[in-house]
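In this note's numbering, the protein residues as written are 123 to 292.
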């Protein structure tokens, strides 16, 4: 059985070590690529149909509204099937203490019973928040491994740490 690395990541304006910075590649995308390099598998980026505002401050307000509404933003695409995968590495930024709502769109689109979900999260100090508990609730019958928290502004330098963690969960 193979690994699937599914992630949602934000490019452009991001919160970065106490400031706002424009980044060309999202922090979570970087970590997802490190996971793939360490353990192999297929990479799948979650993309919403409606894009979030380019302004980071506006984007986080949009994310807060989605959280309050328990929204499930439409995704541009989903994997056709998860049958070939027993382990799903799941990457996301910490938005308001949990995963962006589009991650739940993905999770709730499949029966994940019997699958192993391995979460990883980028943030600037808020860790995984309550995202692991939220993933457990969204994935009845799945096993959710302890997640990895990576400081987003340090993501580009996290390859060895990410690789060691991913190999423990592959």
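Every residue gets a Cβ at the ideal spot worked out from N, C-alpha and C, and that includes glycine.
Nearest-angstrom Cβ-Cβ length linking residue i and residue j, presumed shorter than 8 Å
i	j	result
residue 310	residue 234	What is shown of the chain runs 123 to 292, which leaves residue 310 out entirely.
residue 245	residue 271	6 Å
residue 284	residue 160	7 Å
residue 251	residue 216	5 Å
residue 240	residue 291	5 Å
Helix, strand or coil at residue i according to DSSP, with G and I counted as helix
i	result
residue 292	coil
residue 245	strand
residue 171	coil
residue 185	helix
residue 278	helix
residue 218	coil
residue 283	helix
residue 190	helix
Residue interval of the beta strand (DSSP E) (run including residue i)
i	result
residue 253	Note, residue 253: premise wrong, no beta strand (DSSP E); alpha helix (DSSP H) at 253 to 260.
residue 215	207 to 215
residue 124	124 to 129
residue 141	141 to 145
residue 270	270 to 273
residue 134	134 to 138
Terminal residues of the alpha helix (DSSP H) in which residue i lies
i	result
residue 149	149 to 161
residue 228	223 to 229
Proximity of residue i and residue j at Cβ, strictly below 8 Å
i	j	result
residue 174	residue 151	no
residue 269	residue 248	no
residue 171	residue 197	yes
residue 226	residue 194	yes
residue 149	residue 277	yes
residue 224	residue 253	no
residue 133	residue 147	yes
residue 157	residue 260	no
Stretch-stretch touch, CB-based, cutoff 8 Å, three pairs: the stretch 131 to 143 with the stretch 224 to 231: Segments in contact, no.
At least 3 beta-carbon pairs within less than 8 Å: the stretch 201 to 213 vs the stretch 176 to 186: no
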